[in-house]
Structure formats: C-alpha cells, structure tokens
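For the sequence shown, the working numbering assigns the number 1 to the initial residue and increments by one for each residue that follows.
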Amino acid sequence: MLTGIDHLVVAVPDLDAAMANYRALGFTVVRGGRHPVATHNALIAFADGAYIELIGFYEADPTHRWWEPLQRGGGLVDFCMGTDALPDDAAAFRRAGMRMADPRPLSRVRPDGYTLQWVLAIPEGAQRGVAPFLIQDETPRAERVPSQTVHPNGVTGVGTITVAVEDSPAVRRWYAAALRRPGHDIRRDELDGAGVRFTIGPHTFDFVSPCSPASPLAGWIRDRGPSPYAATLRSASGRSGPLDPAKTLGARLSLAQEDDGAP
C-alpha cells in the first residue's frame with residue numbers, strides 16, 4: 001500500500017551552495033552522502049516523515065533521469081512515494097497503464113561510511129514526474145532519513161504537490177485504478193488550470209492541466225514536459241506564501257499554515 005510522499009526531489013547545480021541557500025531559508029539541512037550513479041545529496045527531513053532531497057551531480061551523467069531536467073533549470077523535478085508492498089504497487093501502476101520499470105536496488109554511502117540500501121521502481125519515458133517512483137528500504141528507513149526534523153522556519157511537513165499534466169483524465173484513470181478509489185475534480189484558478197486531486201496518507205496530489213495557452217502550466221509543459229510544478233510545505237510558524245525562488249534554486253515552494261494544505 002502507498003503511504004504518501006517519501007520525498008520530493010530538488011535538482012541543484014551546486015550542492016554546497018544549495019545547502020547554504022536552504023539554511024538561509026530556515027531549513028535544517030543534513031548532508032546525505034553519495035550514490036554510485038554520479039549524484040550526491042543533502043536532506044531536509046520533516047516531522048510528517050517526508051523530506052526534501054537536494055540532489056546534485058559530482059560528475060556529469062547525461063544518462064541519469066535528472067540530468068536533463070537540471071539542464072533545463074532544475075528545481076522540483078520528481079517525487080517519491082513510500083510503500084510497504086513495492087512489487088504489488090509497481091504492478092498496480094503497470095496494470096493501470098503507467099510504464100513502470102521492474103524494481104532494482106540502489107544504495108548511498110553516508111558521510112560516516114554507513115551504506116544505505118533500498119529498492120526502487122522507476123517510471124519510464126515521459127511518465128517520469130507524473131507517476132511517482134517507489135521506494136522500499138532494505139536497511140532501516142530511520143538510517144536513511146535524518147532525525148533532525150525541527151526547522152527555524154517552522155515547517156513540519158509536505159502539504160500539496162502540484163503536477164502539471166497534459167491529459168488529466170488519463171492521469172485520473174491511472175491513479176484511480178492503481179489506488180482503487182476515485183479522485184476529486186479541482187479547479188486551480190490561479191494557474192488557469194483544472195484536473196484531479198488524490199489524497200495519499202497525509203499528502204495531497206493535484207494533477208492539473210492548463211485550460212488555455214495563457215496558463216503558466218502550458219509554458220511549463222512546453223519547456224519541461226509534464227512534471228512536478230510546485231509544492232506547499234506545512235508550517236507551524238504562522239507564515240504563509242512563496243519562498244524566494246532565488247534561494248530555492250528554481251523550486252516553486254510555498255509555506256502554508258499547518259491546518260491549510262491548499263496551494
């Protein structure tokens with residue numbers, strides 16, 4: 001069963017600079033380590049169990065699925081869902097019509113030398129960033145996710161992720177079939193968009209198509225393809241509104257009060 005957002009992926013050109021920027025925004029940032037696929041990361045963990053992964057490349061790798069999005073501006077490029085039954089959930093997405101690769105192992109070596117191991121099922125082709133990639137830990141998840149979940153800016157978790165899509169009825173069918181329950185119609189007037197909303201665990205997923213060529217989603221899809229567009233973060237500080245995009249390195253992130261996960 002899917003349990004909600006495991007983490008959001010923010011691709012950055014310089015990991016050390018990104019860590020400094022996000023700390024300046026009031027986040028507690030913990031260096032994560034290196035993957036054997038040319039990437040290294042830093043993590044921002046939240047009390048709701050989700051986290052933001054700041055990911056950069058320690059060497060060029062044009063074959064990596066996040067390399068091209070980084071060349072197009074980076075920022076919020078993908079999202080991962082947790083699952084307690086990865087083979088079953090991956091199969092459910094495939095039956096629903098999404099292209100999902102077979103599960104495969106991956107690892108990361110933390111700065112203290114501890115090797116983390118997990119299994120991923122990754123969507124293929126144009127469905128990257130519309131379908132989630134799925135993760136199931138082999139080493140304890142508590143070793144993968146930092147225990148530091150208190151942030152000076154008061155953020156406690158992820159509220160809503162907004163995904164720009166070309167064909168929201170098709171996405172509705174995929175997720176409804178995979179989750180075995182319907183979504184809810186939504187209208188996002190500030191984006192001149194409409195689509196479908198699903199709630200999975202404590203998190204909300206809005207899949208939104210542009211209603212006109214003037215919608216900012218239309219330009220996003222033209223330049224980036226269907227993919228994550230923005231996310232809100234729940235905060236206990238009383239603050240709300242967008243974070244400085246110069247410091248988020250292009251990721252559209254906004255704060256919302258804890259009882260208001262709306263975008």
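We treat Cβ as the ideally placed atom computed from N, Cα and C, and that holds for glycine. Nothing here was measured: the structure is a model prediction, and the numbers come from that model.
Which of helix, strand or coil does DSSP assign to residue i?
{"i": "Gln117", "result": "strand"}
{"i": "Ile44", "result": "strand"}
{"i": "Phe27", "result": "coil"}
{"i": "Met81", "result": "strand"}
{"i": "Asp189", "result": "helix"}
{"i": "Gly219", "result": "helix"}
{"i": "Pro105", "result": "strand"}
{"i": "Tyr58", "result": "coil"}
{"i": "Glu143", "result": "helix"}
{"i": "Glu53", "result": "strand"}
{"i": "Gln127", "result": "helix"}
{"i": "Pro210", "result": "strand"}
{"i": "Gln257", "result": "strand"}
{"i": "Leu15", "result": "helix"}
{"i": "Ala236", "result": "coil"}
{"i": "Val10", "result": "strand"}
{"i": "Arg224", "result": "helix"}
{"i": "Pro137", "result": "It should be noted that the sequence gives Asp, not Pro, for residue 137. It is a strand residue."}
{"i": "Val150", "result": "coil"}
{"i": "Pro202", "result": "coil"}
{"i": "Leu2", "result": "strand"}
If you drop the 5 nearest sequence neighbours on each side, which residues of the same chain put their C-beta closer than 8 Å to that of residue i?
{"i": "Asn153", "result": "Leu25, Gly26, Phe27, Ser235, Ser237, Arg239 and Leu255"}
{"i": "Glu267", "result": "Residue coverage of the chain in this structure runs from 1 to 263, which leaves residue 267 outside it and unanswerable."}
{"i": "Ala325", "result": "This structure leaves residue 325 out entirely; the chain is present only between 1 and 263."}
{"i": "Ala194", "result": "Ser168, Asp185, Ile186, Arg187, Arg188, Val208, Ser209 and Cys211"}
{"i": "Met19", "result": "Val29, Arg31, Ala42 and Leu54"}
Using C-beta distances below 6 Å, list every residue in its chain close to residue i, excluding the 5 sequence neighbours before and after it, in chain order.
{"i": "Ser212", "result": "Asp192"}
{"i": "Ala45", "result": "Tyr51, Val145, Pro146 and Thr149"}
{"i": "Asp269", "result": "There is simply no residue 269 to check, as the chain begins at 1 and stops at 263 in what is shown."}
{"i": "Ala230", "result": "Thr162 and Arg252"}
{"i": "Arg172", "result": "Gly183 and Val196"}
{"i": "Asn21", "result": "Lys247"}
Please check the pair residue i and residue j, which I expect to be a contact at CB under 8 Å, by giving their CB distance rounded to whole angstroms.
{"i": "Leu54", "j": "Pro228", "result": "Their Cβ separation, rounded to whole angstroms, is 15 Å, which puts Leu54 and Pro228 out of contact at 8 Å."}
{"i": "His40", "j": "Gly56", "result": "6 Å"}
{"i": "Gly183", "j": "Ala176", "result": "6 Å"}
{"i": "Gly129", "j": "Pro245", "result": "That belief does not hold up - the Cβ atoms of Gly129 and Pro245 are roughly 19 Å apart, past 8 Å."}
{"i": "Leu15", "j": "Ala42", "result": "6 Å"}
To which residues of the same chain is residue i closer than 7 Å at the C-beta, ignoring the five residues directly before and after it?
{"i": "Pro132", "result": "Phe79, Cys80 and Met81"}
{"i": "Gln136", "result": "Thr83, Leu86, Trp118 and Val119"}
{"i": "Leu106", "result": "His35, Trp118 and Leu120"}
{"i": "Gly125", "result": "Arg99"}
{"i": "Val109", "result": "Gly33, Arg34 and Thr115"}
{"i": "Gly159", "result": "Thr204, Thr232, Leu233, Arg234, Ala256 and Gly261"}
{"i": "Pro151", "result": "One point to set straight first is that residue 151 is His, not Pro, in the sequence displayed. Closer than 7 Å at the Cβ level, and outside the excluded window around His151, lie Gly26, Phe27 and Thr28."}
{"i": "Gln127", "result": "Met98 and Arg99"}
Are the CB atoms of residue i and residue j nearer to each other than 8 Å?
{"i": "Pro140", "j": "Gly33", "result": "no"}
{"i": "Thr156", "j": "Ala47", "result": "yes"}
{"i": "Leu217", "j": "Ala164", "result": "yes"}
{"i": "Ala96", "j": "Trp174", "result": "yes"}
{"i": "Gly201", "j": "Thr3", "result": "yes"}
{"i": "Arg23", "j": "Val29", "result": "yes"}
{"i": "Gly113", "j": "Val12", "result": "no"}
{"i": "Arg224", "j": "Arg72", "result": "yes"}
{"i": "Ile122", "j": "Ala142", "result": "no"}
{"i": "Asp89", "j": "Leu134", "result": "yes"}
Should residue i be counted as a contact of the ligand PLP given a C-beta to heavy atom distance under 7 Å?
{"i": "Trp66", "result": "As far as ligands go, the structure on display features none, and thus does not contain the ligand PLP."}
Taking 8 Å as the threshold, find out whether the segment 197-212 comes into contact with the segment 162-172 through three or more Cβ pairs. Yes, since at least three Cβ pairs between the segment 197-212 and the segment 162-172 fall closer than 8 Å, the two stretches touch.
Are the segment 8-18 and the segment 71-81 touching, with three or more C-beta to C-beta distances below 8 Å? Contact holds: three or more Cβ-Cβ distances are below 8 Å.
Under 8 Å, with one C-beta from each stretch per pair, do the segment 241-252 and the segment 182-189 reach the 3-pair mark? As far as the Cβ criterion goes, the segment 241-252 does not touch the segment 182-189, which means the pair count is below three.
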